[in-house]
Amino acid sequence: MTSPIHHCKECVDLLGEYVEGVLPPDRAKALEDHLSTCPPCITFVRTYRATRKLCRNALATEMPKELMSSLSSFLGKYVPGFPCTKSETAAPSPVTPADGGPKKV
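Be aware that the sequence shown starts at 133, since it is given in our numbering, and climbs by one per residue.
Below is the structure:
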């Protein structure tokens, strides 16, 4: 059994993999449990997702294709969970536990 997450720093450390959906299920559950009781972390997750989406959209329209390809290759090699999922480029949807919102009981 995975230990619970007691500190917000642990959330930050796991956030990239969580947002990409590649965090192991037991760690994702521990993170979601923490998020259900920590409004600052919920806000941080939402801000993180929005920032990634805005940056990706801005860069995609302004960056030359060769540079985008090179950057994508680099990020794919060194950043866990890259490339981004298509769901992040879609229109915003209601908050779910995976979005960092509290779970509905």
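All C-beta atoms in this analysis are idealised placements derived from N, C-alpha and C, irrespective of residue type, glycine included.
CA-to-CA distance, residue j to residue i, given in whole angstroms
{"i": "E198", "j": "G148", "result": "25 Å"}
{"i": "P156", "j": "A162", "result": "10 Å"}
{"i": "A190", "j": "C170", "result": "31 Å"}
{"i": "Y210", "j": "R178", "result": "23 Å"}
{"i": "K141", "j": "P196", "result": "36 Å"}
Residues near residue i by beta carbon distance below 6 Å, same chain, minus five either side
{"i": "F214", "result": "L207, G208"}
{"i": "H139", "result": "none"}
Check whether residue i and residue j have beta carbons under 8 Å apart
{"i": "V136", "j": "D158", "result": "The sequence given here has Pro at residue 136, not Val. No; because the gap between Cβ atoms is not below 8 Å, this pair is not in contact."}
Integer-rounded CB distance, given that residue j should sit under 8 Å from residue i
{"i": "C143", "j": "C187", "result": "Contact flag wrong, Cβ pair sits at about 20 Å."}
Contacting residues, own chain, Cβ-Cβ under 8 Å from residue i (five flanking each side not counted)
{"i": "A182", "result": "none"}
{"i": "P212", "result": "G148, E149, E152, V154"}
Cβ neighbours of residue i in the same chain (closer than 7 Å, five flanking residues each side left out)
{"i": "H146", "result": "Looking at the sequence itself, residue 146 is Leu, so the reference to His does not match. Taken in chain order, the residues that qualify are L155, R159, L163."}
{"i": "S204", "result": "P215"}
When the options are compared against residue i, the one with the closest alpha-carbon
{"i": "K185", "options": "P196, S202, E152", "result": "E152"}
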